[in-house]
DNA sequence: TCCTTAATAAGAATAGTTCCTAAATAAATT
DNA sequence: AATTTATTTAGGAACTATTCTTATTAAGGA
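Chains as they are written, first to last, in our numbering: chain G, 140 to 269; chain B, 140 to 269.
As structure tokens, this is what we get:
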């Protein structure tokens, strides 16, 4: 049976407080400040299991580590190619690539991810300063 | 000055013969059979440099390792969540997420990647067999 | 052919993540 | 409340993909 442990509670609360798009490593570092006895393996395992149980979303980005997200409905993201920052983005007209497939190469599509890559405001101004 | 080495020639030819979407590790393994003296570091470095020089495309997928692709124009892909196979896909109506952005969260978009995730035909039939 | 310098082979190092095992602990049972 | 049991944990080892280091090799111009 599934158990409610203090560790899991702290991990989920920390992810919530960090307000999204955190990687397992980021969550671990944040937790480690306040609760140095919670192990890295526990953070990775709890986040992975919660994602498998559908309690949160595991986002696998191209330019950076896996991120965990408590906002469940699928949404598009933009990542900074420089610092790895992640933000949600929305479109003027919604578009579903699965419904628009002309050729699926024999694959069975299940989900999709639209990812934009660019520069975040901070990295953008750093680049201008160079 | 840039030099033309046998190693680079073999690496690029192997990638071409493998007919796309190979990871650096896959290219290394393929080369290692015929030319066991070519080192792993050389394969990784040559592919990375060729991508930086625009000679090929480095695709960074969510569900699998980085892949290198000699087909240059941007195109959408579908990856198998089970075995990591990659295929190109096309859409009935083309759609550019950058032009359709309603909110860019302060980011400067540069490029995008549309990725579908699902099952390849082989993994699909394996699943049915279970 | 000789010389300069970039590219190489081999393996060590790194980073992010997962695995392993004894010990701790939560829930169920008494 | 005490006992039982099965899951979860901490801590570190192990693993994997990739990059770095350094002595050696070889490309291409003179």
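Think of the CB as a built atom: it goes at the ideal place given N, C-alpha and C, for glycine as much as any other residue.
Would you mind telling me which residues of chain B sit closer than 7 angstroms to residue i, beta carbon to beta carbon, in chain order?
i: residue 204 of chain G; result: Residues of chain B passing the Cβ test: none, with the nearest at roughly 11 angstroms.
i: residue 158 of chain G; result: Those do not exist, as residue 158 of chain G stays about 14 angstroms from chain B at its closest Cβ, beyond 7 angstroms.
i: residue 226 of chain G; result: 244 and 246
Please check the pair residue i and residue j, which I expect to be a contact at CB under 8 angstroms, by giving their CB distance rounded to whole angstroms.
i: residue 228 of chain B; j: residue 243 of chain G; result: 6 angstroms
i: residue 195 of chain G; j: residue 177 of chain G; result: In fact, because the Cβ distance is near 18 angstroms, the residues do not count as touching under 8 angstroms.
i: residue 163 of chain G; j: residue 182 of chain G; result: 6 angstroms
i: residue 160 of chain G; j: residue 206 of chain G; result: 5 angstroms
i: residue 192 of chain B; j: residue 253 of chain B; result: Rounded, the Cβ-Cβ distance is 25 angstroms, inconsistent with contact.
i: residue 245 of chain G; j: residue 260 of chain B; result: 4 angstroms
i: residue 231 of chain B; j: residue 239 of chain G; result: 5 angstroms
Specify the secondary structure class of residue i as computed by DSSP and reduced to three states.
i: residue 248 of chain G; result: strand
i: residue 262 of chain G; result: helix
i: residue 257 of chain G; result: strand
i: residue 153 of chain G; result: helix
i: residue 269 of chain G; result: Low confidence applies to residue 269 of chain G: its pLDDT is 43, below 50, so where it sits in the model is not reliable, and the reading given next is rough at best. Residue 269 of chain G: coil per DSSP, three-state reduction.
i: residue 192 of chain B; result: coil
i: residue 148 of chain B; result: helix
Tell me which same chain residues have a C-beta within less than 7 angstroms of the C-beta of residue i, skipping the five on either side of it?
i: residue 237 of chain B; result: 248 and 251
i: residue 156 of chain G; result: none
i: residue 204 of chain G; result: 162 and 164
i: residue 262 of chain B; result: 219, 221 and 222
i: residue 142 of chain B; result: none
For residue i, which residues from the same chain have a beta carbon less than 8 angstroms from its beta carbon, with the 5 sequence-adjacent residues on both sides left out?
i: residue 168 of chain B; result: none
i: residue 258 of chain B; result: 219, 220, 221 and 266
i: residue 154 of chain G; result: 161, 166, 186, 195, 207 and 209
i: residue 190 of chain B; result: 196, 197 and 207
i: residue 152 of chain G; result: none
Output, in chain order, the set of chain G residues within a Cβ distance shorter than 7 angstroms of residue i.
i: residue 146 of chain B; result: Per Cβ cutoff of 7 angstroms: no residues; residue 146 of chain B is ~28 angstroms from chain G at best.
i: residue 229 of chain B; result: 241 and 242
i: residue 263 of chain B; result: 247
How would you list, in chain order, the residues of chain G whose beta-carbon sits under 9 angstroms from the beta-carbon of residue i?
i: residue 252 of chain B; result: 201, 252, 253, 254, 255 and 256
i: residue 207 of chain B; result: Per Cβ cutoff of 9 angstroms: no residues; residue 207 of chain B is ~14 angstroms from chain G at best.
i: residue 259 of chain B; result: 244, 245, 246 and 247
How would you list, in chain order, the residues of chain G whose beta-carbon sits under 8 angstroms from the beta-carbon of residue i?
i: residue 194 of chain B; result: The premise fails here: residue 194 of chain B is roughly 20 angstroms from chain G at the closest Cβ pair, so nothing lies under 8 angstroms.
i: residue 219 of chain B; result: 246
i: residue 237 of chain B; result: 255
i: residue 232 of chain B; result: 239
i: residue 215 of chain B; result: 236
Tell me whether residue i, by its Cβ, gets closer than 7 angstroms to a heavy atom of the ligand PLP.
i: residue 141 of chain G; result: Among the components modelled here there is no ligand, and therefore nothing to report on the ligand PLP.
With a threshold of 6 angstroms on Cβ separation, who are the neighbours of residue i within its own chain once the five nearest residues in sequence on each side are excluded?
i: residue 185 of chain G; result: 147 and 150
i: residue 224 of chain B; result: 259
i: residue 158 of chain G; result: none
i: residue 255 of chain B; result: 217
i: residue 226 of chain B; result: 217
Jot down the residue ranges of each uninterrupted beta strand (DSSP E) in the region 195 to 240 of chain B, minimum 3 residues, whole runs only, in chain order.
-> The region 195 to 240 of chain B contains, as complete beta strand (DSSP E) runs of 3+ residues, the segments 196 to 198, 206 to 208, 215 to 219 and 225 to 230 (chain order).
task = Ignoring anything shorter than 4 residues or poking outside the region 159 to 186 of chain G, list the alpha helix (DSSP H) runs there in chain order.
result = 163 to 173
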